[in-house]
Amino acid sequence: MGYSIGIRLIEDFLAKTGTGRCVSFKETAEVISKIGFKIFLNIIPTITNWTSDGKTFSLIIEENPLAEFVELPDDGKSNKELWYSNVLVGVLKGALEMVQLDVDVFFVSDVLRGDATTELRLKLNKILKDEIPAGED
Amino acid sequence: MSSQNIINPSTSKPTGLKAGYNPSLGPIQLPSSYQSQIASKSRNIYDHSVFRRTPEVNLSSLSFLFSAMIEQTQQTSKGVQQLEAKLNSYGYGVGNKFLELITLREGKSAKRETRIVEVLQFIHSQVWKTLFGRPADGLEKSQDSEDEYMIIDNLPLMSQFISVPKDFNQLNVNAFTAGIIEGILDSAYFQANVSAHTMAADGYPLRTVFLIKFDHGVLEREAIRFSR
Amino acid sequence: MESYLSISNLPFFLDRGITIDNLVEQKQSNVASKKTSIDCKRLVTCAFSPQITVTSSANADNLASDFGFHSFFQLLKPFGDHIQHKFQIKDSQLVSRTADDFSVRFTRPLSDLLSIQEAEIKERNKVQLFNQHSFELLLGEYIQAINPHLRNAQKANDIRLQSTLKSSMYIKFFTKLLSSSLLTSFESLNHPVASFIVISADDPYDEARRLLIEFKSTKVPDFMNIEDILPLFIIVYDEVKETDQQKAFQLKDHIKKQLFTDAFTLGISTNKEAKSQLLSPPVLSSIDEELQNTHLTSIGNPTLPVSTITSIYQVLKDVIQRKLIPFMEKKIATWDDQVITPRKSLTGRFFSVSKKYFGKNPQNNNEQSSNYNIERGSYGFGAVESLTRKLADWSFMLRDYRYAYTSYELAKKDFLSDKAWAHLASCQEMAAISLLMGATNITSKIKNDTIDPLVDSSNYTFLSRCGLKTYALRSILIVSELFCTLRDGWTSAPAALKWVQKAIDDKSVGKIGRSLLLERMSYINSIYMSSQAKIILSKKAQDNEKENEEDKDKEEYEPIFNEQKIVKENMGTIGFTNNRKAALWNLLAAKDWDPVSQPLQVQICLNSTEDTYGGKIFAERDSSLYQRLLTVSQKHVRD
Amino acid sequence: MKELNPFILHSSLDIVEDIQWKTSQLYLKTIDNFYGYYISGFLTSGNIKFLLIHETKNEESIRQFFNDLNDLYVKVLLNPFYKVNDAITSPVFDLKVKGFAKKYL
Amino acid sequence: MTIYSLYIINKAGGLIYQNDVNPGLSRLTANEYLVLAGTLHGVFAIASKLTPTALKVSTPSSISGVHNSATSSITSSSIGGGTNSSNNINSNSTILSNYSKGALNVVSNSNTSGLRSVDTKFFSIHIFQTLTGLKFLLVTSPNGLNSNDGINNTGSNVDLNKNSEFAESVLRRIYSIYSDYVMKNPFYSMDMPIRVDLFDQKVTELIKTLS
């Protein structure tokens with residue numbers, strides 16, 4: 001579900017913000033946090049935990065509007081198996097793929113599970129150069 | 001949590017004892033160690049205030065989510081009727097809960113609705129304002145049948161970007177909103193069926209009429225309780 | 001013989017394999033019916049019907065013993081319960097009304113009655129309607145008798161039979177509460193209105209004369225007047241003997257001419273081949289009588305030839321229509337002239353005021369200002385007060401409830417100023433009952449301003465001033481049932497509940513009685529619904545039945561259905577029923593029954609809460625009272 | 001007596017469902033009694049009933065208790081894993097309710 | 001300038017939308033439209049290769065994880081904000097516009113080295129490409145001319161620039177409408193022909209306000 005939102009949402013994002021192509025993945029991170037999250041969820045996650053190769057970073061989500069008043073069921077499974085806000089993963093993946101970035105997105109922790117923070121990790125696999133539309137360089 | 005260590009004298013089941021209310025056991029006094037364990041949990045939803053006005057949600061986010069919901073529902077539905085029924089049922093749960101939230105936020109002036117017309121006005125104004133930022137555009141009583149009322153919205157917020165293809169015979173995706181209304185009415189004991197119908201008017205191609213059909217019992221009650 | 005009164009004879013019929021279809025409640029599913037309260041109201045009519053003593057000659061008794069009865073009284077007794085006929089009765093305004101049936105209560109000869117309770121009478125008013133121990137014993141035996149049938153009904157899942165059997169327990173209880181022929185000074189309902197002198201055609205005229213003289217010279221307490229009892233001869237003859245009828249007619253003429261007393265002939269067939277019919281046991285026999293019948297003098301299967309049964313009913317119709325009712329009407333008219341009219345006149349009013357005024361003056365001699373004999377706790381039979389009360393009672397028996405009520409109200413004032421407490425309490429009781437008997441609906445104003453104070457005061461006086469616990473109990477339970485019969489359960493049930501609750505709190509019943517009262521609380525709550533709600537529910541129940549039948553033909557289809565939808569079927573009637581209260585009281589009753597000796601009663605109480613508690617987690621969890629009682633009762637029910 | 005409590009409260013629902021049409025207040029005050037026990041009620045706009053069986057009358061404290069409970073209940077509702085009419089099994093909720101009871105009752 | 005027609009071409013070169021918003025152009029057959037779209041798509045790609053190598057900025061290898069950079073030349077075509085067509089981001093527009101003044105280039109037309117316009121004597125085609133590879137095409141009257149002048153005049157460069165800027169702003173607004181009424185419509189399947197009433201309506205309304 002997130003993915004299909006992502007591939008549509010990117011058009012809205014581009015059309016409304018007029019954002020251009022990013023120079024670096026660092027810039028991409030900034031755009032995701034300070035424009036993307038800000039517009040769509042009205043929060044600005046903290047960008048942190050960059051790997052040295054600059055291809056992986058984390059978004060720390062302080063106040064997750066999706067998870068407000070959510071209490072995971074105490075069924076012994078949800079705490080281990082369910083990433084409640086996983087829709088974000090799909091959205092990011094779909095949206096970035098549309099701008100030719102193949103990125104792995106996954107949660108590593110969630111306060112809903114009793115973790116201290118909610119951390120979303122993004123890892124750049126490759127730039128899909130073949131798909132960059134002609135006329136863009 | 002090692003629940004196995006706790007021996008509970010009042011039940012024959014030695015295991016499976018957990019903190020929190022268990023309806024099949026009834027209220028049980030738990031050892032205080034449990035309480036401190038729970039209390040020490042860093043985060044719980046009950047410490048948040050429901051009065052904290054959450055920033056308004058971006059319409060785009062809402063629209064994409066709504067759209068994705070419709071798309072996914074459509075894929076699992078056998079026809080327009082079923083699709084509408086499902087959308088209705090999604091809204092229904094929202095309605096059940098939303099009613100309580102609105103009432104709570106009214107604070108001291110909170111009240112329950114007891115009359116048909118009053119509950120409809122409540123939905124027409126308070127509910128619409130809270131959900132869509134403005135009151136609905138109309139509230140009418142059906143001329144034909146005693147048990148039918150209509151709430152009218154010239155440009156439903158949720159569906160403003162959605163064009164329904166011609167082959168989706170009569171579909172109105174505001175079935176979701178209809179579900180919210182139905183959820184509110186049912187939980188307020190004004191049992192009803194609510195459906196959304198597109199009735200375009202000049203300049204309002206998406207104008208939607210929410211048709212509310214009350215259960216016969218609701219009218220009977222109104223007659224008995226309030227006839228004098 | 002199976003009149004509606006026979007509901008408390010259910011085990012008698014069931015034991016003998018007699019069908020009881022017309023006694024089984026035909027109630028619509030889920031909508032509680034007031035049938036048992038209506039039965040109770042009819043029982044009140046019967047219980048407060050004219051009492052007729054039966055004296056019989058040895059020859060007459062011999063005839064009765066041919067059929068297995070010990071006396072002619074015993075033979076007649078069951079016939080009094082319910083006599084169907086269009087009886088014409090004139091009210092105080094001389095307007096004639098028709099009653100579809102009439103009852104009379106046959107009792108032993110007056111002298112017997114008096115000697116039996118002589119000892120008690122000496123203790124001045126401290127007489128109780130029943131002995132607690134005997135009552136419990138009788139109820140216990142009744143339950144024993146219905147238990148096998150109840151168990152069968154339960155097994156066969158015959159809900160209607162089960163609920164009929166179950167409610168018959170309370171009817172039995174209620175009937176016995178009303179079935180006393182105790183003679184007291186403070187009420188004249190049990191004072192005989194007529195005396196049957198039953199002789200045989202074989203008896204000589206002298207025997208008839210002797211019996212009449214004996215009757216006339218019966219020594220009665222001074223609150224009774226033998227002149228107010230109508231003597232009537234019943235001359236029985238054997239239809240099989242050809243000359244007997246002739247003899248009977250001759251005797252009848254003789255008696256009329258010489259003794260100026262009316263006589264009726266009654267043909268009885270001793271033909272053993274004649275088609276005969278089983279007589280059901282009398283309904284309104286007192287607790288002691290019934291215990292005696294079952295333990296000492298069991299008659300077994302009393303039968304009479306069908307033709308004889310018809311003859312007896314025919315004679316009773318004649319006697320009642322031609323003699324008894326006119327006799328009572330005439331007496332009432334006379335007393336009205338004597339005591340009511342003067343009191344209602346201007347001087348009468350002045351008299352009563354002055355009497356009240358001076359009566360309180362301690363210098364006045366009490367005996368001169370009041371007819372009340374404090375020592376005996378009674379009024380002489382000729383006293384204005386006695387006559388007023390008697391007039392009211394007889395009007396009540398003739399079902400002129402309005403007139404009865406005004407007369408009770410009149411008498412009440414005198415009893416109050418005389419501090420004749422038992423008289424007062426009884427009079428207030430009957431005033432309230434008269435109002436309720438004559439009404440199908442009662443405004444809350446009448447209830448609050450008139451009935452409630454009457455019952456409150458009567459109950460208080462019976463209990464606190466007179467120590468008449470059993471009378472107090474009888475009065476509030478009658479009042480409660482009568483409230484239940486009113487049209488709008490919504491306004492009347494609270495009053496009914498209040499009085500049953502009071503009966504429980506007063507602890508004036510035994511263990512079984514208490515359980516039955518708890519069950520009654522449940523019943524009243526189940527009819528505690530507004531009349532509009534009842535209409536809606538009844539219609540819904542009918543529709544459902546129809547639908548169920550139609551559904552069988554319909555093919556299954558997959559509906560488009562929101563499974564979260566909170567479906568409430570009772571939008572129209574919400575808050576207008578008290579089924580959950582009813583379930584609570586049934587649970588309390590289940591808890592009250594002894595699980596070891598009465599496990600079936602526990603179970604049936606619990607079963608009837610199933611609609612309410614079934615599927616409710618709080619009720620079905622292991623530790624809940626409901627679940628525990630269910631488990632315990634199951635352990636003790638044996639097949 | 002204690003074993004009867006849930007049944008007594010359950011039976012008071014008959015009363016609640018009657019008087020709820022006579023007032024639009026959420027707090028219904030003392031609505032019923034049973035052999036010396038009082039039953040106080042609170043009804044949310046969605047017809048969730050809060051019932052309390054108690055021995056002494058204390059209208060104001062019970063009002064505050066119910067108000068806080070309502071707030072807490074709405075938080076339960078806002079949890080997407082909770083559906084109206086489900087049993088509330090959250091330990092934290094349980095603890096909070098007990099806390100309110102200690103505070104007000 | 002008169003706008004005759006709007007085409008939308010998906011990233012695979014398929015024509016997914018064609019709307020003659022104003023009369024004036026001769027009509028083609030459905031198949032001819034598809035061929036035209038495909039051809040323009042192909043020509044666009046090949047033409048982009050014509051860009052002189054001297055003007056190409058090579059990727060600085062020092063920045064890891066970076067793809068082809070946007071060149072400085074595109075800044076001139078950037079139009080800030082872009083929130084004019086819809087109210088939905090209003091609450092954030094302040095932050096956004098502040099932000100767009102910052103280090104990031106705010107562009108939307110990723111068409112830097114492809115064909116920007118095709119001019120004939122009787123009409124011009126303006127091409128706008130999104131970062132996701134969609135092409136929005138506008139067929140208008142010839143640059144600098146009113147179509148019914150009938151005089152063959154190529155006009156000045158100033159006019160030409162003006163027209164392209166105007167066309168691009170129209171296309172950007174159409175992109176915005178597209179993002180609202182096509183992307184947020186659950187009944188639209190990605191990359192498929194657009195048959196969406198509200199999109200038609202909104203485009204027509206927009207064009208009407210322009211003429």
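Protein chains in written order, with the working numbering: chain A, 1 to 137; chain B, 1 to 228; chain C, 1 to 639; chain D, 1 to 105; chain E, 1 to 211. For every residue, glycine included, the Cβ atom is placed at its ideal position computed from N, Cα and C.
Does arginine 621 of chain C get closer than 8 Å to chain B when you measure Cβ to Cβ?
Judged by the 8 Å Cβ criterion, arginine 621 of chain C is in contact with chain B.
Would the beta-carbon of glutamine 428 of chain C fall within 8 Å of that of serine 457 of chain C?
In terms of Cβ geometry, glutamine 428 of chain C and serine 457 of chain C form a close pair [threshold 8 Å].
So, is glycine 36 of chain D buried or exposed, given that buried needs 16 or more other C-beta atoms within 10 angstroms?
Around the CB of glycine 36 of chain D, fewer than 16 other CB atoms lie within 10 Å, so the residue is classed as exposed.
Go through its chain and collect everything with a Cβ distance to phenylalanine 199 of chain E's Cβ below 6 Å, but skip five positions before and after it.
Excluding five sequence positions before and after phenylalanine 199 of chain E, the CB atoms of its chain that fall closer than 6 Å to its own CB belong to Tyr181, Val182, given in chain order.
Between tyrosine 175 of chain E and alanine 15 of chain A, is the Cβ-Cβ spacing less than 8 Å?
Yes, these two residues count as a Cβ contact at 8 Å.
Please name the residue, chosen from C:Ala201, C:Met224, C:Thr406, C:Tyr372, that lies closest to phenylalanine 233 of chain C on a Cα-to-Cα basis.
Closest by alpha carbon: C:Ala201.
From the DSSP output, which residues share a beta bridge with valine 236 of chain C?
According to DSSP, which records beta bridges pairwise, valine 236 of chain C is partnered with C:Ser200, C:Leu266.
Using a Cβ-Cβ cut-off of less than 9 Å, give me the residues of the segment 75-90 of chain D that come near chain A, in sequence order.
Correct list: Lys75, Val76, Leu77, Leu78, Asn79, Pro80, Phe81, Tyr82, Thr89, Ser90.
Going straight from the alpha carbon of phenylalanine 174 of chain C to that of alanine 496 of chain C, what length do you get?
If you take the alpha carbons of phenylalanine 174 of chain C and alanine 496 of chain C, they lie about 14 Å apart.
Neighbouring residues, chain D, relative to valine 105 of chain A (Cβ below 8 Å)
Chain-ordered listing is empty here: chain D has no CB closer than 8 Å to the CB of valine 105 of chain A, the nearest sitting near 22 Å.
Note the first and the last residue of the continuous beta strand (DSSP E) segment covering arginine 121 of chain A.
That run of the beta strand (DSSP E) goes 118-127.
For proline 362 of chain C, which residues in the same chain have their Cβ closer than 6 Å to its Cβ, ignoring the five residues on either side in sequence?
With a pLDDT of 41 at proline 362 of chain C, under the threshold of 50, the predicted position of this residue should be treated as unreliable, though the coordinate-derived value follows. In its own chain, leaving out the 5 sequence neighbours on each side, no residue places its CB closer than 6 Å to the CB of proline 362 of chain C.
Residue-chain proximity (leucine 1 of chain A, chain E), Cβ-Cβ < 8 Å:
Residue 1 of chain A is actually methionine in this sequence, not leucine. By this cut-off, methionine 1 of chain A is not an interface position.
What does a CB cutoff of less than 7 Å around serine 61 of chain D pick up in its chain, not counting 5 residues either side in sequence?
Hits under 7 Å: Tyr104, Leu105.
Taking Cβ positions, are leucine 112 of chain A and leucine 72 of chain A nearer each other than 8 Å?
Yes; because the gap between Cβ atoms is below 8 Å, this pair is in contact.
One question on the structure: do alanine 175 of chain B and alanine 196 of chain B come within less than 8 Å of each other, judged by their Cβ atoms?
A contact, by the Cβ cut-off of 8 Å.
Straight-line Cα distance separating alanine 582 of chain C from asparagine 58 of chain D:
Here the C-alpha atom of asparagine 58 of chain D lies approximately 28 Å from the C-alpha atom of alanine 582 of chain C.
Through-space distance from aspartate 506 of chain C to valine 596 of chain C, alpha-carbon basis:
For valine 596 of chain C and aspartate 506 of chain C, the distance between alpha carbons rounds to 26 Å.
For the candidate residues C:Arg465, C:Ile617, C:Ser71, whose alpha-carbon lies nearest to that of glutamine 416 of chain C?
Before going on, a small fix: residue 416 of chain C reads as leucine here, not glutamine. Ranking the options by Cα distance to leucine 416 of chain C, first place goes to C:Arg465.
Check whether the segment 241-257 of chain C and the segment 141-150 of chain C touch, using three or more Cβ-Cβ pairs below 8 Å as the test.
The answer is no - the segment 141-150 of chain C does not touch the segment 241-257 of chain C, with fewer than three Cβ pairs under 8 Å.
Looking at chain A, is there any beta carbon in it that lies within less than 8 Å of the beta carbon of serine 62 of chain E?
For serine 62 of chain E, the pLDDT reaches just 31, beneath the cut-off of 50, and the residue's location in the model is therefore unreliable, leaving the point undetermined.
So the candidates are A:Gly76, A:Asp74, A:Trp50, A:Asp102; which of them puts its Cα closest to the Cα of isoleucine 139 of chain A?
Since the first and last residues shown for chain A are 1 and 137, residue 139 of chain A lies out of range.
Between leucine 178 of chain C and arginine 474 of chain C, is the Cβ-Cβ spacing less than 8 Å?
Contact: yes.
Report yes if the C-beta distance between valine 74 of chain D and valine 50 of chain B is below 8 Å; otherwise report no.
With contacts defined by Cβ atoms closer than 8 Å, valine 74 of chain D and valine 50 of chain B form a contacting pair.
If you run the structure through DSSP and keep just helix, strand and coil, what is glutamate 136 of chain A?
In the structure shown, glutamate 136 of chain A adopts coil according to DSSP, grouped into three states.
Proximal chain B residues relative to leucine 13 of chain D, where beta-carbon distance stays under 8 Å:
Near leucine 13 of chain D there are no residues of chain B at all, since even the closest Cβ is about 13 Å away, more than 8 Å.
Option in C:Pro599, C:Ile478, C:Gly267, C:Thr218 with minimal Cα separation from serine 515 of chain C:
Per the Cα distances, C:Pro599.
Just the Cα atoms here: how many angstroms apart are glycine 38 of chain E and glycine 13 of chain E?
For glycine 38 of chain E and glycine 13 of chain E, the distance between alpha carbons rounds to 5 Å.
Any idea if serine 624 of chain C is buried or exposed, counting beta-carbon neighbours within 10 angstroms, 16 or more meaning buried?
Taking a 10 Å sphere around the C-beta of serine 624 of chain C, we find 16 or more other C-beta atoms and assign the residue as buried.
Determine the burial state of glycine 20 of chain A: buried for a count of at least 16 other Cβ atoms within 10 Å of its Cβ, exposed for fewer.
That one is buried.
Helix or strand or just coil, what does DSSP make of methionine 521 of chain C?
Methionine 521 of chain C: helix per DSSP, three-state reduction.
Could you tell me the distance, in whole angstroms, from the CA atom of tryptophan 128 of chain B to the CA atom of lysine 111 of chain B?
Approximately 17 Å, taken between the alpha carbons.
Contact list for the segment 111-136 of chain E against chain A, Cβ threshold 7 Å:
The segment 111-136 of chain E vs chain A, Cβ under 7 Å: Asn111, Thr112, Ser113, Gly114, Gln129, Thr130, Leu131, Thr132, Gly133.
Contact list for the segment 3-20 of chain A against chain E, Cβ threshold 7 Å
Going along the segment 3-20 of chain A in chain order, one finds Ile7, Arg8, Ile10, Glu11, Asp12, Leu14, Ala15, Lys16, Thr17, Gly18, Thr19, Gly20 with a Cβ nearer than 7 Å to chain E.
Selection of the segment 572-586 of chain C by Cβ proximity to chain D, strictly under 8 Å
Of all residues in the segment 572-586 of chain C, Ile574, Gly575, Phe576, Thr577, Asn578, Asn579, Arg580, Lys581, Ala583, Leu584 have a Cβ within less than 8 Å of some Cβ in chain D.
What is the DSSP secondary structure of serine 111 of chain C, counted as helix, strand or coil?
Per DSSP, reduced to three states, the secondary structure at serine 111 of chain C is helical.
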